[in-house]
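Single-structure report; data block below.
Protein chains in written order, with the numbering used here: chain Z, 1 to 370; chain S, 371 to 740.
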């Protein structure tokens, strides 16, 4: 099994111990402020009646589920509040693999490494659909890789690491292919607030009982350590209604419930935060994207321009995408990224740079000096 | 599978909808204040630098692991901070069942129902050792029920629901039996701060590589909804060192990490809370125990007097221990407990009363009026 975190650690340790100043563009932790209302919500909760410190419903605070349900246009009864998107994806993949026949979980290469780790933990075989040149897998290619053995198909849009946003037609096509093959589509949409293309389409827009959508507030509210996420399951009265029941049971027996202080503060932040907060974050990221890709262009690198999310992948001339390549880049110019080989075979000579540092401009200048 | 929570819900809904005032003694959520330093810790964290809101180490905040390690006399490297004792028990039972041969998990009857639910989720057969008249299973009886099929043995001391505290010799005997049969002992010690007998002995006091100890701050700091617990694994250099690695991987792929606001506040509370806080809570509970068992004595009931924890089990004359019995008791006198049948066969005609209500005296008077 391979996990992003230990791999992150390897690179981050190398960067920390380097004999020079290093701009850290390795992990996906926002470097900007959460909304003020989030801090307010937590501070208020600290003074709540002690009864508010006791067990929340296992599926999450009712008011938080209602708030999310209203925003996503789903029924509160379809939602489980999870310990971040991590648990949401774990639940969705687990119950999908139990419920639908087949021994394989289909992932897109390059992929966020946790999906592969989870497939392995479930005893599933991970099978990879190449993302192709454009970064969005062609439904025809998905069809070539899917079979009676496919139990679950996982997509991530906007995408880590490629920065592409799947359009509605692609999402609908992939959902249709999953349904045809009696498989579950799991759509991880944790970067949905970071769409610059205007064409992001949630898998919730597709009518199908073979779909679970996962998400979290880790990125949108800049709180990766707080662990508040959710999964939207199919209609409980429909043909796949048991997915919710299975996930609720697994969630209860694994975690009992998510942590209540974080849930209470997120609820307050959702109630009080207007679109301007998200717009400002996107504007900041657009500036960083422009600065960073400008430098890559100037040095003749091949690179992705994010349509969504906050990662740029680049093939830096004469550097490569292995761990050793990344370490050489740290030594040479003091810029740390994540090796492409950590995400699969198809971008093994690329490096992923996370634009979550106020020093993106400095990193760009350093790369130009290569 | 049977879980305490849905069963709780059934009784709690009945109590809520009853046509009379009801004293709720169903669930195990403390009704007293957490230490002031816990609230302080959370309020301070709300104003921390935004970087403190990002990913904590997957195994938990280092300072919190160090604080716990120092208190428990173990190495920080043996600890994983979990999403409550719920996740700690899930991890311990999962990795034990993977690592040790056999298809069975041994539980003590009566048992906390989540253990049975977890065994079922793992595909294990739950086998039950009767607790016997005294409430602590005789090691000779444990030996009769253990076999080559035993993979994991779970004990809970101080005990929910029986209120007994296992002495050191019993814990050592059961640990020895587990080791002899190539099985893992999981000792859930979540009520360790509620020992009135002075003889509580953690399984950490036994030298064995076949043991995981689980715990949480849910009860000791009165925050069942915050979900901060931990598991202490065997020495990582020893023969069962892989248990830690397996649990770390499972924890990472399931939850990534526990919620950081709750961890930060618990750390502050541990640093600032002296023994007086715990003594006062115990004194309050001792008063409640005296009041409540006094009433049971007065009405000729058979009952347990807690040596630890905060549950009293009683066989109330002419009432019984089924869900219907509990509902009748709610209707008759407005006192709600948990049916003994929810905990297994051996106390199926008893009722468990949780002494976590300021109205224990009132409940006692109502029972006397039966």
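Backbone N, C-alpha and C fix where the C-beta goes; we use that ideal spot for every residue, glycine too.
Following the DSSP letters along the chain, one finds residue 104/Z inside the beta strand (DSSP E) bounded by residues 104-109.
Considered as a whole, the stretch 386-471 of chain S harbours 449-452 as its complete beta strand (DSSP E) runs of no fewer than 3 residues, in chain order. DSSP, read as helix, strand or coil, puts residue 624/S in helix. Every beta strand (DSSP E) stretch that sits fully inside the stretch 475-538 of chain S and reaches 3 residues is listed by chain position as 495-500 and 520-526. A direct Cα-Cα distance of roughly 18 angstroms separates residue 311/Z from residue 115/Z. Between the beta-carbon of residue 553/S and that of residue 521/S there is about 6 angstroms, and that keeps the pair under the 8 angstroms contact cut. Counting only the Cα atoms, residue 297/Z lies some 11 angstroms from residue 317/Z. Looking at the DSSP output, residue 554/S bridges to 522/S. Within the stretch 261-339 of chain Z, the runs of beta strand (DSSP E) that reach at least 3 residues and sit entirely inside it are, in chain order, 311-315.
Nearest CB-CB separation between residue 626/S and chain Z: below the 8 angstroms threshold. Taking 9 angstroms as the upper bound on Cβ-Cβ separation, chain S lies near residues 31, 32, 33, 34, 38, 39, 40, 41, 42, 43, 44 and 45 of the stretch 31-45 of chain Z.
Within 8 angstroms of the CB of residue 507/S, no CB atom of chain Z is found; the nearest one sits about 24 angstroms away. Its chain contains 407 and 437 as the residues whose beta carbon lies nearer than 8 angstroms to that of residue 641/S, once the 5 sequence neighbours on both sides are disregarded; these appear in chain order. Under the DSSP assignment, residue 599/S falls in the beta strand (DSSP E) whose first and last residues are 599-602.
Take the alpha-carbon of residue 732/S and the one of residue 400/S: they are about 18 angstroms apart. By the 16-neighbour rule on beta-carbons within 10 angstroms, residue 226/Z is buried. Going by beta carbons, residue 465/S and residue 450/S fall outside the 8 angstroms limit.
By DSSP's assignment, residue 719/S forms no beta bridge with any residue. A residue is called buried when at least 16 other Cβ atoms come within 10 angstroms of its Cβ; residue 32/Z does not meet this threshold and is exposed. Residues of the stretch 449-460 of chain S that bring their beta carbon within less than 8 angstroms of a beta carbon in chain Z comprise 453, 454, 456, 457 and 460, in sequence order. Taking the C-beta atoms as reference points, residue 64/Z is found no nearer than 8 angstroms to residue 256/Z. In the three-state scheme derived from DSSP, where H, G and I count as helix and E and B as strand, residue 211/Z is classed as strand. About 19 angstroms separates the beta carbons of residue 217/Z and residue 233/Z, which is beyond the 8 angstroms limit, so they are not a contact pair. DSSP places residue 736/S inside the alpha helix (DSSP H), whose first and last residues are 730-738. Using a CB distance below 8 angstroms, the part of the stretch 226-257 of chain Z facing chain S consists of 226, 227, 228, 249, 250, 252, 253, 254, 255, 256 and 257, ordered along the chain. Along the stretch 261-293 of chain Z, going in chain order, the ones with a CB nearer than 8 angstroms to a CB of chain S are 261, 262 and 265. Taken residue by residue, none of the stretch 308-333 of chain Z has a beta-carbon sitting less than 9 angstroms from a beta-carbon on chain S. When 9 angstroms is used as the limit between beta carbons, residue 535/S is near no residue of chain Z, the shortest such separation being about 24 angstroms. Here residue 51/Z is exposed: its Cβ has fewer than 16 other Cβ atoms, across all protein chains shown, within 10 Å.
Sixteen is the threshold: since fewer than 16 other Cβ atoms of the shown chains lie within 10 Å of the Cβ of residue 345/Z, the residue is exposed. For residue 114/Z, the closest Cβ of chain S is nearer than 8 angstroms. Per DSSP, reduced to three states, the secondary structure at residue 565/S is strand. Between residue 7/Z and chain S, the shortest Cβ-Cβ separation is not below 8 angstroms. In this structure, 700/S is the residue among 723/S, 700/S, 720/S and 728/S with its C-alpha nearest to the C-alpha of residue 391/S. Looking at the backbone, the Cα of residue 129/Z and that of residue 197/Z are separated by about 24 angstroms.
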